Amino acid sequence: MKDVPNILWLEEIRKEDISSVGGKGASLGEMASIGLPVPPAFVVTAQAFRRFLVETGLDQKIFKVSENIDVENNAVLEKAADTIKTLVIKAKMPAALKDDIKASYKKMSQNDLIVAVRSSATAEDLPDASFAGQQETYLNIKGEAALITAVQNCWASLYGARAIYYRAKQGFEEHTVNIAVVVQQLVHSEKAGVMFTSHPISGDSITIIEGSWGLGEAVVSGSVSPDHYIFDQRTESVGEKTIANKKVEIIPDGSHGTKLVAVDPARQDTQVLSDAEIAKLAMYGKIAENHYGIPQDVEWGIVAGTIYILQSRPITTIGKKEAKGMSGHNKDAKILLKGQGAAPGTATGKVVIIRDAKDTGSVKEGDILVTRMTNPDMVPAMRKVAAIVTDEGGMTCHAAIVSRELGTPAVVGTKTGTQQLKNGQLVTVDGEMGIVYEGEVSTATTQSKTGAAAFMTSGGNAPIITATSVKVNVSIPEAAARAASTGADGVGLLRIEHLILGLNKTPGWFIANHKEEEFVKELYDGIKIVLDAFPGKTVWVRTLDAPTDEFRNMQGGESEPHEHNPMLGWRGIRRDLQSFDQFRLQVEAFKRLWKAGYEHLGVMFPMVSHPDQFIKAKEMMRGWGVDVDNVALGIMIEIPASAIMIEDFLKAGIKFASFGTNDLIQYTIAIDRNNENVADMYNPQHPAVLTLIHNSIQQCRAYGVECSICGQAGSDPKMAIWLVEHGITSISANIDAIAKIREAVAKTEKRIILEAARNRDAE
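Here is the structure:
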């Protein structure tokens, strides 16, 4: 455990302290350091929380309860969450820690200062994952006893059902996630809200501000449809204004908590912000964006004309979804509702009206979820539906933020959606235009900058052509069309385990229950969808690479071994070579696809550490009827051994190789990137890692074999530039990174050509 104190003050904190103070705490420290008006605060560190768990013996108790939770089983998930939260709340806080919190509270003010107590998880507010609303915040807290209780309740909220579910789906290991708690002077906001420093979908240079009366929680939660303002950064002027009818506000309730009250009728239709306040907020937002180097989602409050910045986090949704509008819809289509287009896309389905999170069990795949406003407890249901419609809320509410992250069309602020629509009614939702149509409406979709147009030049006349192939990573067949619309040169990684995990049955279950044909067909159909989306372009399918702990939670997983470290265990090619039937069923699906004419299919073996493994797999495939000399078989380079022995693999006949940098980095420098004690040492550009990659590229070039990258590092433009400079053949990036990677590749290639020409002229 790092030697970090129980308490850190805001002026001591910087972004590098995220493992100690969480995303919220680190952001507040950074903002205070650059002079933004942030209310005074201290943070109860993540290390203090970890000491609490260890000294009370809770760490082992929690691990036992959370070890094998089936997060898709609501009853099991809720029971486990309630058990853990009760353990945390009832545990006695160590005296030394309690004294530190009380002393810090006294230091803020000798009188009982009214504070906000905010959870700040160490895996929160990150550029690639917004954990919106997953942990609790307690407002209007006064007195030492109430503060201690609120801190402990924040800790307990780390184990709420929605938080456990979200972390599982984002791939965060439960035992590595810590939580800090921010204790901050409460701003009794007369008006408050949220600001996006750039457009949250397109990234355009406009500031979007939404505000209402009272505390900002009303806007964030969607309790009220707020005023909506747009500030054009290019002309530095206020553009569009939408003044909403604001019927309710959230205000402090005595000396503890908050309450929802009606707004005086005289203020309900009054503009919340003056033009001067809009401009000043936009200026503060731009300062934050420039400091962080990425667009920000900022919470603000105003008291007696003074603006306070309460929170700032990265916008995680820019470029995540093609904006498919309905400009070509049938003119006779009947409009049922209009609201605000909060997440682009169109979808048709049956309405299911949800009035309480407890009723989400009735939600089915493909439904249109209609509710007054979503909350974090509804996230599991939100993942299933085709679109979301709410009565309240704006562009910055929970429904809007989560829908954009999920890539689900959403219309918010319809006012009467839950009254006008009926359960089972067929509707079409246009999440870009903010319209709900009756029945199924045919569309003539247009693609936004994140679609096919994303790889066009700034003039829009021709696509950017690169000598280095820019490919795309695909996790599920449903993403194939979106991936293809980027103009990618092929698929550098299709993860087969996601097809299998989606079945919720292990390959062994299909074999034991004599349903092998069903398993093969599922693989065949799923891979075929991706192959059809990329005609004539290579699609590299990685064979099964699911750790045993993932299989253990599925039907048929009862006999899976319990491994101390599954990531270093029975997975990848090492498992396939010992589980003949599991490997044979995968090969059967590949064989049928090749026979059907899908010659652009390549098969890639993961976790290969010696050429003998590749040779054995190749011979097993030959024995099952595959013409191995005329199909593309390659390997992942994700273990240092495979990089060091790359020439031996080339001599063994591999047709391609691709770096799996996520594992290669961890195995090379012995760093678990999910371990908060060492995560800050995880370095994709560590000299040892770069040496392994460089040497492998050069060997592949010497043998005329394609060398690629499909790990997370391939989605980083800086890494892409380095790879092109060192001669890599192709780069496979995540869907939302294709445009920026193609641009980085093109600029680097042009620079290399220009420098070569200049050198020739100099000679």
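Take the sequence shown: its letters are residues 14 to 776, numbered as in our numbering.
For every residue, glycine included, the Cβ atom is placed at its ideal position computed from N, Cα and C.
Note that this is a predicted model, so its numbers are computed, not measured.
With the cut-off set at 9 Å, would you say residue i and residue j are in Cβ contact?
{"i": "leucine 49", "j": "leucine 23", "result": "no"}
{"i": "glycine 420", "j": "leucine 439", "result": "no"}
{"i": "proline 213", "j": "isoleucine 513", "result": "no"}
{"i": "serine 122", "j": "glutamine 148", "result": "no"}
{"i": "alanine 275", "j": "valine 261", "result": "yes"}
{"i": "serine 709", "j": "cysteine 723", "result": "no"}
{"i": "lysine 351", "j": "valine 454", "result": "no"}
{"i": "glycine 505", "j": "serine 743", "result": "yes"}
{"i": "serine 287", "j": "glutamine 246", "result": "no"}
{"i": "proline 265", "j": "lysine 259", "result": "no"}
{"i": "valine 130", "j": "leucine 110", "result": "no"}
{"i": "isoleucine 542", "j": "alanine 609", "result": "no"}
{"i": "glycine 647", "j": "tryptophan 553", "result": "yes"}
{"i": "proline 560", "j": "arginine 597", "result": "no"}
{"i": "aspartate 113", "j": "alanine 61", "result": "yes"}
What number of angstroms, rounded off, separates the C-alpha of residue i from the C-alpha of residue j?
{"i": "tryptophan 607", "j": "tyrosine 537", "result": "11 Å"}
{"i": "isoleucine 748", "j": "tryptophan 637", "result": "35 Å"}
{"i": "alanine 670", "j": "glycine 521", "result": "29 Å"}
{"i": "histidine 304", "j": "glutamate 29", "result": "14 Å"}
{"i": "tyrosine 321", "j": "isoleucine 300", "result": "14 Å"}
{"i": "isoleucine 667", "j": "lysine 371", "result": "53 Å"}
{"i": "isoleucine 586", "j": "proline 619", "result": "6 Å"}
{"i": "arginine 490", "j": "glycine 615", "result": "The amino acid at residue 490 is misidentified as arginine; the sequence shows proline. Their Cα atoms are separated by approximately 16 Å."}
{"i": "alanine 759", "j": "glutamate 738", "result": "11 Å"}
{"i": "threonine 458", "j": "leucine 349", "result": "With a pLDDT of 38 at threonine 458, under the threshold of 50, the predicted position of this residue should be treated as unreliable, though the coordinate-derived value follows. Cα to Cα, the separation comes out at about 20 Å."}
{"i": "isoleucine 751", "j": "valine 621", "result": "28 Å"}
{"i": "aspartate 282", "j": "serine 225", "result": "10 Å"}
{"i": "leucine 126", "j": "arginine 64", "result": "27 Å"}
{"i": "isoleucine 754", "j": "glutamate 230", "result": "38 Å"}
{"i": "isoleucine 650", "j": "methionine 617", "result": "10 Å"}
{"i": "proline 653", "j": "leucine 705", "result": "7 Å"}
{"i": "tyrosine 297", "j": "isoleucine 315", "result": "13 Å"}
{"i": "methionine 408", "j": "tryptophan 313", "result": "15 Å"}
{"i": "isoleucine 20", "j": "serine 234", "result": "29 Å"}
{"i": "proline 422", "j": "serine 416", "result": "7 Å"}
Apply the 10 Å Cβ neighbour rule to residue i and answer buried if 16 or more other Cβ atoms are within range, or exposed otherwise.
{"i": "alanine 630", "result": "buried"}
{"i": "serine 655", "result": "buried"}
{"i": "methionine 44", "result": "buried"}
{"i": "histidine 411", "result": "buried"}
{"i": "serine 482", "result": "buried"}
{"i": "leucine 701", "result": "Residue identity check: residue 701 is alanine in the sequence provided, not leucine. Exposed, because fewer than 16 other Cβ atoms sit within 10 Å of the Cβ of alanine 701."}
{"i": "aspartate 562", "result": "buried"}
{"i": "alanine 777", "result": "This structure cannot speak to residue 777, because the chain is shown only from 14 to 776."}
{"i": "serine 572", "result": "exposed"}
{"i": "leucine 581", "result": "exposed"}
{"i": "aspartate 502", "result": "buried"}
{"i": "threonine 99", "result": "exposed"}
{"i": "arginine 771", "result": "exposed"}
{"i": "asparagine 486", "result": "buried"}
{"i": "threonine 387", "result": "buried"}
{"i": "glycine 426", "result": "buried"}
{"i": "threonine 319", "result": "exposed"}
{"i": "aspartate 138", "result": "Residue placement at aspartate 138 is poorly supported in this model, since its pLDDT is 41, which falls under 50; the coordinates still yield a value, given next. Its Cβ being crowded by 16 or more others within 10 Å, aspartate 138 is buried."}
{"i": "arginine 508", "result": "buried"}
Ordered along the chain, which non-local residues of its own chain (more than five positions away) have a Cβ less than 6 Å from that of residue i?
{"i": "threonine 135", "result": "Ser32, Gly35, Ala59, Asn191, Glu689"}
{"i": "histidine 575", "result": "none"}
{"i": "leucine 228", "result": "Ser202, Ala205, Ile263"}
{"i": "glutamate 290", "result": "none"}
{"i": "glutamine 725", "result": "Asn675"}
{"i": "lysine 254", "result": "Tyr242"}
{"i": "aspartate 661", "result": "Pro624"}
{"i": "alanine 181", "result": "Val84"}
Given residue i, which residues of its chain have a CB within under 8 Å of its CB, disregarding the five upstream and five downstream residues?
{"i": "aspartate 380", "result": "Gly362, Lys363, Val364, Val365, Lys397, Val398, Ala399"}
{"i": "arginine 27", "result": "Ala39, Gly42, Glu43, Ser46"}
{"i": "histidine 699", "result": "Ile678, Thr681, Ile682"}
Leaving out the 5 sequence neighbours to the left and right, which residues in its chain are closer than 7 Å to residue i when beta-carbon positions are compared?
{"i": "valine 600", "result": "Met634, Trp637, Val639"}
{"i": "glycine 569", "result": "Lys518, Thr519, Gly521, Trp522, Ala525"}
{"i": "asparagine 474", "result": "The pLDDT assigned to asparagine 474 is 39, lower than 50, so where the model puts this residue is not dependable; a value taken from the coordinates is nonetheless given after this. The answer is none, since no qualifying residue turns up."}
{"i": "isoleucine 82", "result": "Val89, Leu90, Ala93, Ile177"}
{"i": "leucine 71", "result": "Leu100, Val101, Ala104"}
Would the C-beta of residue i count as close to the ligand FAD, meaning under 8 Å from any of its heavy atoms?
{"i": "serine 728", "result": "Although the ligand FAD was asked about, the structure shown includes no ligands whatsoever."}
Would you call the segment 50 to 57 in contact with the segment 193 to 200, where contact means no fewer than 3 C-beta pairs closer than 8 Å? yes
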